[in-house]
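For the sequence shown, the positions run 33 to 409 when my numbering is used. Let me begin by presenting the structure, written as structure tokens, before commenting on it.
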Amino acid sequence: MPGHDATAVNIHLRTSETTGEIRAGVSGIYRCGSPWLCPTCAVAKAHDRAERVQSAANATFQRGGRAALVVLTASHSRDMSLAEIKSLVATSSSAARKGRAWMNAVEEYGILGVVVGQEVTFSTVNGWHYHQHLSVMVDGPNDDAYDRAEAAGAWIAAAYAAQVRARGGTISDRYGWHVRVARDAADASDYTAKGSMAWEISGGHKDQTKAATSLSPWDIASAAADGDKAMYARWREYMETMPGTRSCIVSASLAKKLGITAGGDAEEAGEQVLHDADEVVGRVEAQTWRKWMRHGLAATFLSRIEFGGEEGFAAAVLDTDREVEPLEAEYQRLRAERALAIMKQDIARDWKRKTDHIASDAEVRAYAMIRAGFCLV
Numbered sequence: 033m034p035g036h037d038a039t040a041v042n043i044h045l046r047t048s049e050t051t052g053e054i055r056a057g058v059s060g061i062y063r064c065g066s067p068w069l070c071p072t073c074a075v076a077k078a079h080d081r082a083e084r085v086q087s088a089a090n091a092t093f094q095r096g097g098r099a100a101l102v103v104l105t106a107s108h109s110r111d112m113s114l115a116e117i118k119s120l121v122a123t124s125s126s127a128a129r130k131g132r133a134w135m136n137a138v139e140e141y142g143i144l145g146v147v148v149g150q151e152v153t154f155s156t157v158n159g160w161h162y163h164q165h166l167s168v169m170v171d172g173p174n175d176d177a178y179d180r181a182e183a184a185g186a187w188i189a190a191a192y193a194a195q196v197r198a199r200g201g202t203i204s205d206r207y208g209w210h211v212r213v214a215r216d217a218a219d220a221s222d223y224t225a226k227g228s229m230a231w232e233i234s235g236g237h238k239d240q241t242k243a244a245t246s247l248s249p250w251d252i253a254s255a256a257a258d259g260d261k262a263m264y265a266r267w268r269e270y271m272e273t274m275p276g277t278r279s280c281i282v283s284a285s286l287a288k289k290l291g292i293t294a295g296g297d298a299e300e301a302g303e304q305v306l307h308d309a310d311e312v313v314g315r316v317e318a319q320t321w322r323k324w325m326r327h328g329l330a331a332t333f334l335s336r337i338e339f340g341g342e343e344g345f346a347a348a349v350l351d352t353d354r355e356v357e358p359l360e361a362e363y364q365r366l367r368a369e370r371a372l373a374i375m376k377q378d379i380a381r382d383w384k385r386k387t388d389h390i391a392s393d394a395e396v397r398a399y400a401m402i403r404a405g406f407c408l409v
């Protein structure tokens with residue numbers, strides 16, 4: 033949202049140092065910094081995570097290596113809490129990549145390191161679904177890098193399944209894991225960071241889950257905000273479990289081998305993104321930006337800027353304003369309806385409180401007259 037006391041936000045065009053892609057950005061705003069609880073900050077964090085994985089994958093492929101892409105999950109039911117299934121998957125995954133057997137696998141397959149992404153969805157049929165996406169970087173430049181990457185992924189999957197079962201969990205030999213070799217560095221990045229991308233509620237990435245019965249965290253939050261008590265309970269459970277979980281970390285060890293910078297999620301703290309006088313292609317009034325954010329059109333606007341550049345700035349503003357008008361009108365109508373409903377509930381509650389304490393005949397007669405319309409209160 034616009035920063036403290038900001039009257040406008042600045043729009044920038046910047047070129048990514050790692051991919052060369054031109055992206056639109058914004059300054060003069062405040063970000064809460066939570067990649068798990070904030071749909072706005074989740075978008076920024078998703079791009080950060082994807083760039084980290086892309087950097088590691090680029091360096092791996094440039095030295096003739098490959099990346100095995102592994103998804104790890106476990107059987108779950110509606111009776112299992114998110115904390116339970118997360119603990120089972122995360123601890124089993126971590127344990128599979130420790131000890132003498134792991135060190136032997138690292139040497140045999142030429143494993144440089146592993147980058148782990150996290151994803152959470154909720155099934156109305158089977159409950160919480162927590163899983164990990166692993167990008168297993170395997171060194172080159174031998175011609176058998178593809179085969180070694182595939183074998184490394186299979187080794188990790190088998191070791192993980194054994195750890196799940198050792199902890200009393202259940203895992204399907206058919207659906208508990210999946211292994212394939214990345215087509216290129218971009219494939220490795222998209223796959224590993226897909227958890228964050230899947231939750232982006234606007235912009236150029238997946239914005240909904242595959243089935244109507246499968247809900248993203250934002251689907252849960254939306255239903256909870258609409259008054260669904262069961263979904264409110266699920267959201268409370270999610271927000272008590274996921275914050276603090278780090279994703280897509282490039283370890284210092286892997287970074288050193290690849291000659292890149294190590295990195296991971298920063299602490300979840302609010303950040304004032306100050307105005308930057310350079311590279312500004314235009315400004316948007318704070319009130320207008322708030323409306324666009326409210327209806328998920330800010331990312332649409334930035335996409336238009338990326339396409340049209342500074343020359344298309346005015347047209348992008350007009351087009352986005354045109355789209356937001358009916359959405360804002362409906363929002364204000366529903367907001368007024370909710371305010372009226374709350375007021376009616378408060379009045380009804382006050383009346384009940386009063387009538388519950390009527391004691392004398394005079395009070396009973398007075399209340400009857402009020403109900404009959406003889407008095408105004």
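Glycine is no exception: its CB is placed at the ideal position from the N, C-alpha and C atoms.
Can you list, in chain order, the residues of its chain with a C-beta nearer than 8 Å to that of Trp267? Leave out the 5 residues immediately preceding and following it.
Here the question's residue 267 lines up with position 235 in the sequence shown. Here the set comprises Pro249, Ile252, Ala253 and Ala256.
To the nearest angstrom, report how far apart Glu355 and Arg365 are at their CA atoms.
Here the question's residue 355 lines up with position 323 in the sequence shown. Here the question's residue 365 lines up with position 333 in the sequence shown. Approximately 17 Å, taken between the alpha carbons.
Report the three-state DSSP secondary structure of Val157 (helix, strand or coil).
Sequence index remark: in the sequence shown, residue 157 carries index 125 (1-based). It is coil, neither helix nor strand.
When the Cα atoms are used, what is the spatial distance from Ser119 to Val147?
Here residue 119 corresponds to residue number 87 of the sequence shown, with the count starting at 1. Here residue 147 corresponds to residue number 115 of the sequence shown, with the count starting at 1. Whole-angstrom Cα-Cα distance: 18 Å.
What alpha helix (DSSP H) runs, 4 residues minimum, are completely inside the stretch 106-144?
You should have 114-128 and 131-141.
Can you tell me whether Ile281 is helix, strand or coil according to DSSP?
Residue numbering aside, residue 281 sits at position 249 when the sequence shown is read from its first letter. Correct three-state label for Ile281: coil.
For Ala265 and Asp219, what's the separation of their Cα atoms in angstroms?
Counting from 1 along the sequence shown, the entry for residue 265 is found at position 233. Counting from 1 along the sequence shown, the entry for residue 219 is found at position 187. Their backbone Cα atoms lie some 36 Å apart in a straight line.
Would you mind listing the alpha helix (DSSP H) stretches within the stretch 293-364 that are 4+ residues and don't spill past its ends, in chain order?
You should have 318-326 and 330-340.
Classify Ser59 as helix, strand or coil using the three-state DSSP reduction.
Looking up residue 59 in the sequence shown gives position 27. Three-state result, Ser59: strand.
Looking at C-alpha atoms only, which residue of Met169, Gly259, Ser283 and Thr332 is the closest neighbour of Leu350?
Taking the first residue of the sequence shown as 1, we reach residue 350 at position 318. Leu350 has its Cα closest to that of Thr332, out of Met169, Gly259, Ser283 and Thr332.
From Gln86 to Ala361, what distance separates their C-alpha atoms?
Counting from one through the sequence shown, the residue named residue 86 turns up at place 54. Counting from one through the sequence shown, the residue named residue 361 turns up at place 329. Their backbone Cα atoms lie some 41 Å apart in a straight line.
Here's the rule: buried if 16 or more other CB atoms are within 10 angstroms of the residue's CB, otherwise exposed. What is Asn42?
Locating residue 42 in the sequence shown gives position 10, counting from the first residue. Its Cβ being crowded by 16 or more others within 10 Å, Asn42 is buried.
Given a threshold of 16 other Cβ atoms within 10 Å of its Cβ, counted over all protein chains shown, does Pro275 qualify as buried or as exposed?
Within the sequence shown, numbered from 1, the residue matching residue 275 stands at position 243. That one is exposed.
Helix, strand or coil, according to DSSP, for Trp209 in the structure here?
The residue labelled residue 209 in the question sits at position 177 within the sequence shown. Residue state, collapsed to three classes: strand.
Per DSSP, which one or two residues make a beta bridge with Ser246?
Stepping through the sequence shown from its first residue, residue 246 is reached at position 214. Beta-bridge pairing links Ser246 to Ser155.
Looking only at C-alpha atoms, which of Ala186, Val121, Leu114 and Ile379 sits nearest to Gly159?
If you number the sequence shown from 1, residue 159 lands on position 127. Of the candidates Ala186, Val121, Leu114 and Ile379, the one whose C-alpha sits nearest the C-alpha of Gly159 is Leu114.
Assess contact between the stretch 196-203 and the stretch 136-145, defined as three or more Cβ pairs (one per stretch) separated by less than 8 Å. Is contact present?
Contact fails: fewer than three Cβ-Cβ distances are below 8 Å.
Would you mind sorting His36 into buried or exposed? The rule is 16 or more other CB atoms within 10 Å of its CB.
For the purposes of this step, residue 36 is identified with residue 4 of the sequence shown, where counting begins at 1. It is exposed - the Cβ of His36 has fewer than 16 other Cβ atoms within 10 Å.
On the three-state DSSP scale, how would you describe Leu366?
Start at 1 with the first residue of the sequence shown, and residue 366 comes out as number 334. Residue state, collapsed to three classes: helix.
Kindly list the residues whose CB is nearer than 7 Å to the CB of Pro34, restricted to its own chain and excluding five residues on each side of it in sequence; keep chain order.
Position 2 of the sequence shown, counted from the first residue, corresponds to residue 34. Val41, Gly60, Ile61, Ala318, Trp321 and Arg322.
Is Gly149 closer than 8 Å to Cys280 when the C-beta atoms are compared?
Here residue 280 refers to the residue found at position 248 of the sequence shown. Here residue 149 refers to the residue found at position 117 of the sequence shown. Going by C-beta atoms, Cys280 is nearer than 8 Å to Gly149.
Over what stretch of residues does the beta strand (DSSP E) that includes His44 continue unbroken?
What you label residue 44 is simply residue 12 of the sequence shown in a count that begins at 1. Run containing His44: Ala40 to Thr47, per the beta strand (DSSP E) assignment.
Taking the C-alpha atoms as reference points, what is the distance between Phe406 and Ile374?
Residue mapping note: residue 406 aligns to position 374 of the sequence shown, counting from 1. Residue mapping note: residue 374 aligns to position 342 of the sequence shown, counting from 1. In this prediction, Phe406 scores a pLDDT of 46, lower than 50, which makes its location untrustworthy; the coordinate-derived value is nonetheless stated afterwards. C-alpha separation (whole angstroms): 26 Å.
Give the straight-line distance between the Cα atoms of Gly344 and Arg84, rounded to the nearest whole angstrom.
Here residue 344 refers to the residue found at position 312 of the sequence shown. Here residue 84 refers to the residue found at position 52 of the sequence shown. Near 31 Å, if we compare the C-alpha coordinates of Arg84 and Gly344.
Kindly list the residues whose CB is nearer than 6 Å to the CB of His327, restricted to its own chain and excluding five residues on each side of it in sequence; keep chain order.
The count along the sequence shown starts at 1 and reaches residue 327 at position 295. Once the five neighbours on either side are set aside, the close Cβ partners of His327 are Val356 and Leu359.
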